[in-house]
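See structure below.
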Amino acid sequence: MDYKKLADLLFPNALTREEVEARYPKRNLKENEAVTRFAPSPTGFVHIGNFMSCLIDYVLAKTTNGIFYLRNEDTDKAREIETAMEKIMEVLKHYQILPDEYQYKEELHGNYGPYIQSEREEIYHAFIKDLILKGRAYPCFCTKEELNEMREVQEINKERIGYFGSYAKCRELSYEEVEEKIKAGIPYVIRFKSMGNYNKRFIFHDLVRGDMELPENDQDAVIMKSDNPLPTYHFAHVVDDYLMGTTHVVRGEEWLSSVPLHIELFASIGATPPKYIHNPLIIKKDGENVRKISKRKDPEASMSYYEELGYPAYSVIEALMTLINSNYEEWHTENPEKSFLEFPFSPSKMATSGAFFDLEKLNNISKEYFAKLSAEEIYEGLFTYTEKYDPEFHEIIKKYKEYTISLLNIERNTEKPRKDIAVYSDIKKLFWYMYDEYFYQDNPYKDVEEKYPMDGIKEYFEECYNLEDTEEDWFNHLKEFASKYKYTASRKEYKENPEAYLGTIAKFCEIIRVMITTSNMSPNLYDLLKLLGKERIKKRLEIFIKIFQ
Ligand code: GLU
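Anchor point for the sequence shown: position 67 equals 496 in the numbering used here, and the numbering is continuous, going up by one each time.
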């Protein structure tokens, strides 16, 4: 076969590899400086597993003073969603994991672009032509039917499935045969010509799993499909990681089985492969079972879930860091003020068989985080969150800014602050009744089942309640007052003689609490009453009494 003739027939106008490579000088890196990339396919969905890879990419680059870049792997145009890149950029911005090099809309940062694969066609063609010239790639005209037949034969013979060895029949085509088929307009793919031997093994070093013995690749993988001038992932990422100077590839363990092919592809273009970190799958408990987090079944598989509920970026990153390295939690407890970027990340401390993700844990991390924030800081976060996800509440908190901050301040500056906020959307659930706009939207007490006695309630507010009281005085006065209405301060007395009382003081407070909040659980009642003020209390009281009397 005359490879030169074949290469010119298939890619008459392609650039040479030299011409392409001249555009991509080697990066000037010091030892240990890592170049990493987040290389999502624009499917409109950022999977938590991919985001975990991205976080590791970021940590590796930032902790070594290296480069973290974003590459849009859009070679599969059929799967592409138009707004996908916007979503990806939003996620990166939300978590402040910003790439040093990227291309987005009109912006281009970095000298190794284009960073969008569909704009790199001529680069890939130069490399494919070069492989053809070297006899390492060839056109394959096998039809779907022929390939299916081949697979059936392999299944019957209990052989490995694929296009390899004697099954790779288009390897043998002469130049004349190829030319004739092409002239006749028969569609073809370009296949890589493997030189590997499946019975031979080689040592592959994964930074997570250590040395692994893998069989050599012998599959003639498709590197360019018939209906798409762009290469497949296998080939495109090899060319890109080579030209863009990637030092570490961080990706999910589902790619492990493709490693032999990728290693051979790197060798075929004369490049040293990057170092690899194959992340464990993220798994979760499902009843008694443990299973992979699934895009189909689990909303928490998508990064948009966390943003929509209003998890602070900090909480999600912390939860993922504990997932990435088993010793992160201990380190964080010892160094509570330090950023995750100061943590000595080590791929060898990653799980090799499933990383267990627990929403409960994320919630706890988040509650601890909120407990440390000031009311003003939470207000700022809530403001941003509601602007996007709850515009109605946004308008309300905008109108009542100081009031909202005071609400958020209840039981905050104490030794044991409340830990009932895990996500920004919890705040409305916690305090909706403190906004008349929500309180009077419907019958506020429609879900109250208990039949409360009204004795002394109206009188308490008319005769006793004083907005100016300190908390201590307020409670003493309330106790004293309620005792006139057969409420006792002694639980013991009540238990001994329940008939003689309407209840304990706690019950009296519960009635007021329900009247104010519609629930028998709420933050500090004294603070809530004070914030509502006499007029608003009076209005609620009237409705409450009307309903319950
Ligand atoms: N585009 C591939 C994906 O989204 C990236 C895999 C890799 O990081 O190399 O799965």
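C-beta: ideal position from N, C-alpha, C; glycine also.
Close-in-space but distant-in-sequence residues of the same chain around residue i (CB under 8 angstroms, 5 per side omitted)
{"i": "residue 661", "result": "504, 650, 651, 652, 653, 654"}
{"i": "residue 450", "result": "672"}
{"i": "residue 598", "result": "571"}
Within-8 angstroms CB hit, residue i to chain D
{"i": "residue 907", "result": "Annotation note: the requested chain D is absent from the structure, which comprises a single protein chain."}
Proximity below 8 angstroms, CB of residue i to CB of residue j
{"i": "residue 770", "j": "residue 808", "result": "no"}
{"i": "residue 914", "j": "residue 956", "result": "no"}
{"i": "residue 526", "j": "residue 484", "result": "yes"}
{"i": "residue 703", "j": "residue 668", "result": "no"}
{"i": "residue 623", "j": "residue 739", "result": "no"}
{"i": "residue 489", "j": "residue 467", "result": "no"}
{"i": "residue 822", "j": "residue 857", "result": "yes"}
{"i": "residue 494", "j": "residue 447", "result": "no"}
{"i": "residue 647", "j": "residue 626", "result": "yes"}
{"i": "residue 472", "j": "residue 513", "result": "yes"}
{"i": "residue 638", "j": "residue 751", "result": "no"}
{"i": "residue 432", "j": "residue 557", "result": "no"}
{"i": "residue 643", "j": "residue 550", "result": "no"}
C-alpha gap between residue i and residue j, whole angstroms
{"i": "residue 487", "j": "residue 682", "result": "19 angstroms"}
{"i": "residue 918", "j": "residue 944", "result": "21 angstroms"}
{"i": "residue 619", "j": "residue 568", "result": "4 angstroms"}
{"i": "residue 897", "j": "residue 973", "result": "24 angstroms"}
{"i": "residue 565", "j": "residue 479", "result": "32 angstroms"}
{"i": "residue 940", "j": "residue 881", "result": "7 angstroms"}
{"i": "residue 901", "j": "residue 938", "result": "14 angstroms"}
{"i": "residue 762", "j": "residue 710", "result": "26 angstroms"}
{"i": "residue 612", "j": "residue 496", "result": "47 angstroms"}
{"i": "residue 699", "j": "residue 793", "result": "50 angstroms"}
{"i": "residue 506", "j": "residue 783", "result": "31 angstroms"}
{"i": "residue 980", "j": "residue 749", "result": "Beyond the ends of the chain as shown, which are 430 and 978, falls residue 980; an answer cannot be given."}
{"i": "residue 693", "j": "residue 670", "result": "14 angstroms"}
{"i": "residue 664", "j": "residue 715", "result": "37 angstroms"}
Contact test: residue i Cβ vs the ligand GLU heavy atom, cutoff 7 angstroms
{"i": "residue 463", "result": "no"}
{"i": "residue 731", "result": "no"}
{"i": "residue 469", "result": "yes"}
{"i": "residue 680", "result": "yes"}
{"i": "residue 900", "result": "no"}
{"i": "residue 666", "result": "yes"}
{"i": "residue 502", "result": "yes"}
{"i": "residue 718", "result": "no"}
{"i": "residue 662", "result": "yes"}
{"i": "residue 479", "result": "yes"}
Where residue i falls, given that 16 or more other Cβ within 10 Å makes a residue buried
{"i": "residue 785", "result": "exposed"}
{"i": "residue 935", "result": "exposed"}
{"i": "residue 585", "result": "exposed"}
{"i": "residue 421", "result": "Residue coverage of the chain in this structure runs from 430 to 978, which leaves residue 421 outside it and unanswerable."}
{"i": "residue 719", "result": "exposed"}
{"i": "residue 680", "result": "buried"}
{"i": "residue 530", "result": "buried"}
{"i": "residue 554", "result": "buried"}
Cβ neighbours of residue i in the same chain (closer than 7 angstroms, five flanking residues each side left out)
{"i": "residue 730", "result": "476, 477, 722, 723, 724"}
{"i": "residue 741", "result": "795, 798, 810"}
{"i": "residue 732", "result": "475, 477, 480, 520"}
{"i": "residue 608", "result": "438"}
{"i": "residue 737", "result": "818"}
{"i": "residue 877", "result": "943, 947"}
Proximal residues to residue i (C-beta, below 6 angstroms), its chain only, five neighbours per side dropped
{"i": "residue 745", "result": "735"}
{"i": "residue 747", "result": "794"}
{"i": "residue 873", "result": "947"}
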